[in-house]
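To convert a position in the sequence shown, counted from 1, into the numbering used here, add 1478. For reference, the structure is listed below as structure tokens.
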Amino acid sequence: MLTTDEKYMKEALKQAEKAYALGETPIGCVIVYQDKIIGRGYNRRTIDKNTLAHAELTAIRKACRKMGDWRLEECTMYVTLEPCQMCSGAIVQSRMTRVVVGCMNPKAGCAGSVLNLLQMPEFNHQSELTTGVLEEQCSQMMKSFFKELREQKKKKSEKVK
């Protein structure tokens, strides 16, 4: 039996699979309000040629539209990879109540790895944070993606020789 967090992280993983299929870094996100998904997003930076096309920002934009407000109080974000500084800032600005992270990002994560922008007492809002939900599945998708990418680059460089 899946927990509620696992149920919604599986939905975030489905979004990550969409990014993977496009050749994008497989990061997916859903935002839940009163047990309903109100925003979905997946990474589209390369396809859209836009620095801001992160899964979290897309999901926040859709959730705000659905709520009719910029405040996402009483909402929970489920994201497959720990948010970066830009997304963590947007999460704080949106007043998101809770964030659930699949796997951590030791090189760029700002929900506990490099920094924890979600829980800084200096800010006027903090989000409750849960990490490690379906961590192995989230991590494995990232590892598979980057392994395939390295293999593709190796094949291209061998063709050039």
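All residues carry an ideal CB built from backbone N, CA and C; glycine is no exception.
Asked, Found
"Which residues DSSP lists as bridging I1515, in chain order", "V1510"
"Residues of its chain near Y1486, where Cβ-Cβ distance is below 8 Å and the 5 sequence neighbours each way are ignored", "V1508, V1510, I1515, T1554, Y1556, V1578"
"Exposure label - Q1618; buried when at least 16 CB within 10 Å", "exposed"
"One or two residues paired with N1594 in a DSSP bridge", "A1589"
"Inter-stretch contact at 8 Å, needing at least 3 Cβ pairs: the stretch 1609–1623 / the stretch 1557–1567", "yes"
"Cβ-based burial, I1525 [other Cβ within 10 Å; buried from 16]", "exposed"
"Where V1611 sits in the DSSP three-state scheme", "coil"
"Runs of beta strand (DSSP E) wholly within the stretch 1562–1587 (minimum 3 residues, chain order)", "1576–1581"
"Simplified DSSP assignment, three categories, for T1558", "strand"
"E1489 (DSSP reduced to helix, strand or coil)", "helix"
"Terminal residues of the alpha helix (DSSP H) in which T1536 lies", "1533–1545"
"Distance cut-off 7 Å: A1494 Cβ against heavy atoms of the ligand SAH", "Of the ligands one can find in the structure shown there are none, so the ligand SAH has no counterpart to examine."
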